[in-house]
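S.K.: In case it helps, this note's numbering puts the sequence shown at residues 33 to 262.
Beta carbons are placed, not taken as given, at the ideal position from N, Cα and C, and that holds for glycine.
One structure, pasted below without further comment.
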Amino acid sequence: MILCIETATDICSAALCDANKVLTVADAPPGRSHASSLTVLAGQLLEKNGLRVADLDAVAVSKGPGSYTGLRIGVSAAKGLAYAAAIPLIGINTLAAMCSGFISSHSGELTPGTLLCPMIDARRMEVYNALFLHDGSMFRETAADIIDENSFRDLLNDYRIIFFGNGSEKCSRTIRHPNAVFEEGFRLSASYLHIPAVNALRNKQFEDVAYFEPYYLKEFIATIPGKLLP
33 MILCIETATD
43 ICSAALCDAN
53 KVLTVADAPP
63 GRSHASSLTV
73 LAGQLLEKNG
83 LRVADLDAVA
93 VSKGPGSYTG
103 LRIGVSAAKG
113 LAYAAAIPLI
123 GINTLAAMCS
133 GFISSHSGEL
143 TPGTLLCPMI
153 DARRMEVYNA
163 LFLHDGSMFR
173 ETAADIIDEN
183 SFRDLLNDYR
193 IIFFGNGSEK
203 CSRTIRHPNA
213 VFEEGFRLSA
223 SYLHIPAVNA
233 LRNKQFEDVA
243 YFEPYYLKEF
253 IATIPGKLLP
């Protein structure tokens, strides 16, 4: 049994999974802070299924890239649970989890010649993204790119690319190509960690609880709110 945690964006989600399926998922109401919601969600899932943290085989967390604050909250909670119960900690690339979730919900619709591009909004016209083949295999590693009208153009001449995630919305106005497809309404969920987490558990791909940190990809840049400026 694996407890999965997703806090990389504005969505706070937890899921309980076994080797074969997602048993239950719980999402915090929109606008509710991750810090106040996550432990409540996890506790509710465990109680609903008559489990304690010590009964879990592992805790899996979406490790980034994504929101600095969200990632810190999710990773800290996952590390605390794993340490307290002496169970393995699994870190899953957020974009890989998104890809897994997209493939699961579009079974049979994806064909060779199609690339999948999950996107997470960074700031302005920058997005975190990666490219995957239609079967989920990595095609291009995670990157932080500033999007303009020439982005992905060389690949779009040879591949149909499906863009999805909250970073794809602003890109749809800039990337114009017959082979560019923008999937609307894709929302992150802890359930998307299921397949990557099960594979990691089977292969014993665990994180070092003491030293594991979120995958920020970029350094945090602190800003002063406008109302505080002189």
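Within its chain, find whatever has a CB closer than 6 Å to the CB of D59; leave out the 5 residues flanking it on each side and keep chain order.
M.R.: Sequence index remark: in the sequence shown, residue 59 carries index 27 (1-based). Result list for D59: S45, in chain order.
S.K.: Between which two residues does the beta strand (DSSP E) harbouring R172 extend?
M.R.: To locate residue 172, count along the sequence shown from 1; it is residue 140. Here the beta strand (DSSP E) through R172 covers 170 to 178.
S.K.: Where G112 and V241 are concerned, what is the direct C-alpha to C-alpha distance, given to the nearest angstrom?
M.R.: On the sequence shown, position 80 is the one that residue 112 refers to. On the sequence shown, position 209 is the one that residue 241 refers to. When rounded, the separation of the alpha-carbon atoms in G112 and V241 is 9 Å.
S.K.: When DSSP labels each residue in this structure, what does S94 get in the three-state scheme?
M.R.: To locate residue 94, count along the sequence shown from 1; it is residue 62. Strand.
S.K.: Short of 7 Å in beta carbon distance, which residues of its chain neighbour A222, apart from the five on each side in sequence? Order them along the chain.
M.R.: To locate residue 222, count along the sequence shown from 1; it is residue 190. For A222, the CB contacts under 7 Å within the same chain, skipping 5 residues up- and downstream, are C36, I37, E38, S45, A46, A47, V57 in chain order.
S.K.: State yes or no: is the C-beta of I124 within less than 7 Å of the C-beta of L220?
M.R.: The residue labelled residue 124 in the question sits at position 92 within the sequence shown. The residue labelled residue 220 in the question sits at position 188 within the sequence shown. In this structure, L220 does not lie closer than 7 Å to I124 by Cβ.
S.K.: Which residues mark the beginning and the end of the beta strand (DSSP E) in which C44 is found?
M.R.: The residue you call residue 44 lines up with position 12 of the sequence shown. Note, C44: premise wrong, no beta strand (DSSP E); not H, not E.
S.K.: To the nearest angstrom, how far is the alpha carbon of G266 from that of E245?
M.R.: This structure leaves residue 266 out entirely; the chain is present only between 33 and 262.
S.K.: Using CA atoms only, rank isn't needed, just tell me which of S69, N211, S137, E239 is closest to R185.
M.R.: The count along the sequence shown starts at 1 and reaches residue 185 at position 153. Considering only alpha carbons, the answer is N211.
S.K.: Which same chain residues, not among the five before or five after I292, have their C-beta less than 8 Å away from its C-beta?
M.R.: A query on residue 292 cannot be resolved here, the shown segment of the chain reaching from 33 to 262 and no further.
S.K.: Can you tell me whether DSSP reads F164 as helix, strand or coil?
M.R.: Indexing the sequence shown from 1 puts residue 164 at position 132. DSSP places F164 in strand when its eight states are reduced to three.
S.K.: Is there contact between the segment 190 to 200 and the segment 69 to 82, where contact requires at least three CB pairs shorter than 8 Å?
M.R.: no
S.K.: What do you reckon, are the CB atoms on I34 and A74 nearer than 7 Å?
M.R.: Numbered from 1 along the sequence shown, position 2 holds the residue referred to as residue 34. Numbered from 1 along the sequence shown, position 42 holds the residue referred to as residue 74. Between I34 and A74, the gap from beta carbon to beta carbon reaches 7 Å or more.
S.K.: Give the DSSP-derived three-state secondary structure of E79 in the structure shown.
M.R.: As a first step, residue 79 must be located in the sequence shown, where it is residue number 47. Helix, per DSSP.
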